[in-house]
Amino acid sequence: MQELITRAKELLADGTVARVLGWKIGDMPYNPEPAYFETVESLDKFVYNGFCGANLSKYMIEASKLEGKTLVCLKPCDTYSFNQLLTEHRVDRDKAYIIGVGCKGKLDIEKIKKTGIKGITAISGAEMTDACDTLEIDTIYGKKSCSYADGMLERCHVCKGKEHKIYDEIIGESRDTADGERFAEVARIEAMSPEEKFEFFKSELSKCIRCNACRNVCPACSCRKCVFDSTKFDSAQKANVDSFEEKMFHIIRAFHVAGRCTDCGECSRVCPQGIPLHLFNRKFIKDINEIYGEYVAGAEAGSRAPLVNFDTEDAEPSIVNER
Amino acid sequence: MQRIGVFVCHCGSNIAATVDVKKVVEVIASEPGVVHAEDYQYMCSEAGQEKIAIAVREKKLTGIVVCSCSPRMHEATFRKAAERAGINPYMVEIANIREHCSWIHKDINEATEKAVILARAAVAKVNLNTPLTPGESRVTKRALVIGGGIAGIQTALDIADAGYKVDIVEKTPSIGGRMSQLDKTFPTLDCSACILTPKMVEAAAHENITIYTYSEVEKVSGFVGDFTVDIRKKARFIDADKCTGCGACQEKCPSKKTPSEFNRGLGTRTAIYTPFAQAIPNVPVIDTEACIKFKTGKCGLCQKICAAGAVDYTQKDEIITEKYGAIVVATGFDTINLDKYDEYAYNQSPDVITSLELERVMNAAGPTHGHLERLSDGKAPKEIVFIQCVGSRCSDDRGKPYCSKICCMYTAKHAMLIRDKYPDVNVTVFYIDVRTPGKNFDEFYRRAVEQYGVNYVKGQVGKVIPQPNGKLLVQGSDLLDNKQILKEADMVVLATAIEPNKDVRKIATMLTASIDTNNFLTEAHAKLRPVESPTAGIFLSGVVQGPKDIPETVSQAGAAAVKVVGLLAKDKLTTNPCTAKADELLCNGCSSCANVCPYGAISYEDTLVNDHGIRETRRIAIVNSALCQGCGACTVACPSGAMDLQGFSNRQILSEVDAICR
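These protein sequence lines map, in sequence, to chains L and P. The numbers in the first sequence follow our numbering, run straight up by one, and end at 610. The numbers in the second sequence follow our numbering, run straight up by one, and end at 1062.
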């Protein structure tokens, strides 16, 4: 982290960048938050550790409109989102100075709490310089520990790999933390009967409080004006009259990001209700892979996604219909 | 609020027998916006249209719904009627209560309920309709014909005779196509070359025709009246202006072993070659894969021998870009691959040949100089078996489900010609049915049977087994006698199914012309618009549209030419106002729409927008309404809903859905 701060200070001081987009220390040891740093001094509050899960790519939409370059810290999986935004002309590459930051998996405080660790006052072992295998946790009930892997976000168990897809320089080591089957949960739901599926989604989605956190954090949900906020469409009104309105919102959202979602998992990370929202998107990804061949959104800037592309080799609509 | 008039047509008994039209009128009259509803026997008639005019006048209508047949049938009629009555034609919607309702239902209650629902949806749409005004686009007075066979040549000649410039693009080194490979033609038995070559010469000499042989269409952009096409003129390595066509180069060329495409691989050709003696242009090409000079750098004999100095090994492919008002597809056919038909031993014995190969064998300029002989040993055959429907009318995926149409007649022709020239040869034809619909066709077939003694056996052949003695054992069944036949033959001829040329998929994609499951191009209407593609400005000529013989091809070629001339005769075209438009306040500039646009109609401009006080420059999608065909692909791809189709807006469509689901 120190190397990162030193380099950021350098770039800020010599005028290469006008600001730094990173994370600052939060009010608890496990909740650092995204922040802009415009002075060398302010960088003393900069933090980068295992709890810095937030994907900063989406902030670059607004940062691209500002004067001067913005130094942005992107983890390997965040670079997919940045590439996708670049493909969609939503961010300006020339306005970004990308430092690819090392990542050894990001932590999920809810998961740690679920292991029974409560009243946390301090955590060590989450710093990026460490080997990241055990978390030593001070609580008001005494010292506890938890393995790093057990505390990791779901998305890190299906890690896309340690390679940064776009960057100006890389600071820090990364590791591939994948140890799970990415589509296992989707396949399990696919195997359900329509009634079971509906019950499953109803039980999950009815927890939704329509706080819009998933939409606001999602790098693919980058529309200037969301159809749910616009009076031009009847989407919001139509959803309102449905006794199960949450499904309309989430299904429409899933369709809108289909083929553009990089599976960054931010939707599920930020959901205050713990709804596994990424499953919708992952179902689309699985279908796209099966119908149009393997495709990873954001793996390459400027690539043409299967859903907004056509060629003579494409599956005929009848084949898609039969599924 | 609109003031909508609903007009329910009986279509004689077509609709009224299955739909209670009075009930439809009664129910629809209370829909929001509807101020007038009536029914009439034939809305499309003069009197029916007059009813619309009267209602517009008396009830001050602003919108019209006609519940009748498909909009493809009479939408234009009712739009014109509305315009005459003083209403914008795009304020008219059709509820299709015939094809979508009365014709497919038997129960009057069900059909009536559905008719009401369809009418309701149309009313809901008209409530949101806005007047639209079509624009104009120019017409480039030049046509492109893709394919230089008889279909392409005839179309080009007819267009050129009408006074318009035409370019023919032909993939092979010469125009002429399949017809140039044929020996005689049914039902008159005149020589194919004798009737084709004068047309080839005429086309080449015509002041309005430019022929690009050994060339392929590489890129097409634009739209009806204003296409831009890139044509790749492949390097011939011969300067066509200098070449005298003396043929000395071909005589001297030491590379002589390449199978001749023109002779269907039955003979060989040199590396520098013209496909056949009457080729147009009479300018050879060098096949770089066979040429010793290109392979090893040594040789160069043709260049040394050429008195005109026409051989140029450094020639490069050339891209010609030209504008056209109309494009005719005349890419023709090939016979299907027989790899899946092992039972006929085509790949095992040289004495099993396709009918097209037999054409070359019978032709005086062919590999056997016109002598009927076995290709294995050159001996004269005594017993020949013809097998019909090889790969045609096939129910599995080995062949084609359709009838290739020409095989019955050419097999009768082959059988007759053989019996005429070699009366000692026995000819047996195995057939499923003999199909001879055509002028003088059945008479022709009967002559083969009655005068020439060709033995027709109703039944299919199960297997052809090459024998150690060089003969072919044919195992078939005679369905009329209900017995199995085992016959020793010297030659077997397969009436192989025909299919559109392989390139047609690529060409159809470039032209955005629709194609059916058998790779034939689709007509705009199977009966009423058979030579037009549903894509405006694209026309069909010859087998690319469906199997047909020479007389039919020539008729269709002429018909396509008339359609092209009809288009080129116009100075301006009216454009469809139902085009897409981006809402600049909603557009993200993400390019999804441009990526899916099949017409290249969408570009982006950095535009200064004022979004409720926020003034900033944004990348905004701009639709070129002249290029846009209103397909709506962009509206579906747009994540923010910024892209909308005028006349078919998302709101209109959703309100129709709501009306149906009510």
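Glycine included, each C-beta is placed from N, C-alpha and C at the ideal position. Computed from a predicted model, the values in this text were never measured in an experiment.
Measuring straight from C-alpha to C-alpha, what distance separates residue i and residue j?
{"i": "Val384(P)", "j": "Ile1053(P)", "result": "Outside the displayed span of chain P (401 to 1062) sits residue 384(P), for which this structure offers no information."}
{"i": "Gly509(P)", "j": "Ala474(L)", "result": "First, the amino acid is wrong: residue 509(P) is Asn here, not Gly. Answer to the nearest angstrom: the Cα atoms are 44 Å apart."}
{"i": "Phe627(P)", "j": "Val620(P)", "result": "7 Å"}
{"i": "Arg520(P)", "j": "Lys401(L)", "result": "55 Å"}
{"i": "Thr326(L)", "j": "Thr303(L)", "result": "13 Å"}
{"i": "Arg569(L)", "j": "Val544(L)", "result": "11 Å"}
{"i": "Ile870(P)", "j": "Ala679(P)", "result": "Correcting the residue type first, residue 870(P) is Gly in the shown sequence and not Ile. The alpha-carbon atoms of Gly870(P) and Ala679(P) are separated by roughly 37 Å."}
{"i": "Lys800(P)", "j": "Asn918(P)", "result": "8 Å"}
{"i": "Ser804(P)", "j": "Asp916(P)", "result": "16 Å"}
{"i": "Gly576(P)", "j": "Lys972(P)", "result": "35 Å"}
{"i": "Asp507(P)", "j": "Thr418(P)", "result": "7 Å"}
{"i": "Thr922(P)", "j": "Ala913(P)", "result": "8 Å"}
{"i": "Val434(P)", "j": "Leu1045(P)", "result": "25 Å"}
{"i": "Tyr1004(P)", "j": "Arg469(L)", "result": "37 Å"}
{"i": "Leu358(L)", "j": "Ala295(L)", "result": "8 Å"}
{"i": "Val514(L)", "j": "Lys525(L)", "result": "12 Å"}
{"i": "Phe324(L)", "j": "Lys484(L)", "result": "46 Å"}
{"i": "Ala586(L)", "j": "Ile452(P)", "result": "59 Å"}
Could you give the DSSP three-state label for residue i: helix, strand or coil?
{"i": "Val492(P)", "result": "strand"}
{"i": "Phe830(P)", "result": "strand"}
{"i": "Ala1109(P)", "result": "There is no way to answer for residue 1109(P), as the model of chain P reaches only from 401 to 1062."}
{"i": "Asn499(L)", "result": "coil"}
{"i": "Gly622(P)", "result": "strand"}
{"i": "Gln956(P)", "result": "helix"}
{"i": "Asn855(P)", "result": "strand"}
{"i": "Asp425(L)", "result": "strand"}
{"i": "Asp567(P)", "result": "strand"}
{"i": "Leu886(P)", "result": "strand"}
{"i": "Met439(L)", "result": "strand"}
{"i": "Lys484(L)", "result": "helix"}
{"i": "Asp558(P)", "result": "helix"}
{"i": "Ser792(P)", "result": "coil"}
{"i": "Ala524(L)", "result": "Note on identity: in this sequence residue 524(L) is Gln, with Ala being the wrong assignment. Note: Gln524(L) maps to helix in three-state DSSP."}
{"i": "Val825(P)", "result": "coil"}
{"i": "Phe515(L)", "result": "coil"}
Are the CB atoms of residue j and residue i within a distance shorter than 8 Å?
{"i": "Val685(P)", "j": "Ile638(P)", "result": "yes"}
{"i": "Leu911(P)", "j": "Lys541(P)", "result": "no"}
{"i": "Val469(P)", "j": "Tyr442(P)", "result": "According to the sequence provided, residue 469(P) is Cys. The question's Val does not apply to it. Result no, Cβ atoms of Cys469(P) and Tyr442(P) do not sit closer than 8 Å."}
{"i": "Leu518(P)", "j": "Asn488(P)", "result": "no"}
{"i": "Ile292(L)", "j": "Gly389(L)", "result": "no"}
{"i": "Val599(P)", "j": "Ser592(P)", "result": "It is worth fixing the name first, because residue 599(P) is Lys in this sequence and not Val. Not in contact: Lys599(P) and Ser592(P) (Cβ atoms no closer than 8 Å)."}
{"i": "Val790(P)", "j": "Tyr741(P)", "result": "yes"}
{"i": "Val683(P)", "j": "Arg636(P)", "result": "yes"}
{"i": "Met710(P)", "j": "Ala957(P)", "result": "Note that residue 710(P) is Ala in the sequence shown here, rather than Met. Contact: no."}
{"i": "Leu394(L)", "j": "Leu440(L)", "result": "yes"}
{"i": "Glu783(P)", "j": "Ala677(P)", "result": "no"}
{"i": "Pro471(P)", "j": "Ile494(P)", "result": "yes"}
{"i": "Ala305(L)", "j": "Glu354(L)", "result": "yes"}
In the DSSP output, what is residue i paired with across the bridge?
{"i": "Ile312(L)", "result": "Bridge partners of Ile312(L): none, in fact."}
{"i": "Asn1010(P)", "result": "Arg1015(P)"}
{"i": "Ile720(P)", "result": "Ile631(P)"}
{"i": "Gly387(L)", "result": "Leu361(L) and Ile457(L)"}
{"i": "Arg306(L)", "result": "Thr357(L)"}
Could you give the C-beta distance for residue i and residue j, rounded to a whole number, given that I count them as a contact under 8 Å?
{"i": "Tyr852(P)", "j": "Ala815(P)", "result": "7 Å"}
{"i": "Cys364(L)", "j": "Pro1039(P)", "result": "Incorrect: roughly 22 Å between the Cβ atoms, too far for contact."}
{"i": "Phe571(L)", "j": "Ala602(L)", "result": "With a Cβ gap of about 15 Å, Phe571(L) and Ala602(L) do not count as contacting."}
{"i": "Pro534(P)", "j": "Thr1035(P)", "result": "The pair is not a contact, with the Cβ atoms about 20 Å apart (cut-off 8 Å)."}
{"i": "Pro866(P)", "j": "Ser955(P)", "result": "The pair is not a contact, with the Cβ atoms about 42 Å apart (cut-off 8 Å)."}
{"i": "Met415(L)", "j": "Ala383(L)", "result": "In fact, because the Cβ distance is near 22 Å, the residues do not count as touching under 8 Å."}
{"i": "Val864(P)", "j": "Val849(P)", "result": "Contact doesn't hold; Cβ gap of about 23 Å is too wide."}
{"i": "Val248(L)", "j": "Leu330(L)", "result": "Given a span of 288 to 610 for chain L in the structure shown, any question on residue 248(L) remains unanswerable."}
{"i": "Ile692(P)", "j": "Ser655(P)", "result": "5 Å"}
{"i": "Thr668(P)", "j": "Thr658(P)", "result": "6 Å"}
Discussion item. So if I threshold CB-CB distances at 9 Å, which residues from the stretch 518-540 of chain L count as touching chain B?
Written reply: This model lacks chain B altogether, as its protein chains are L and P.
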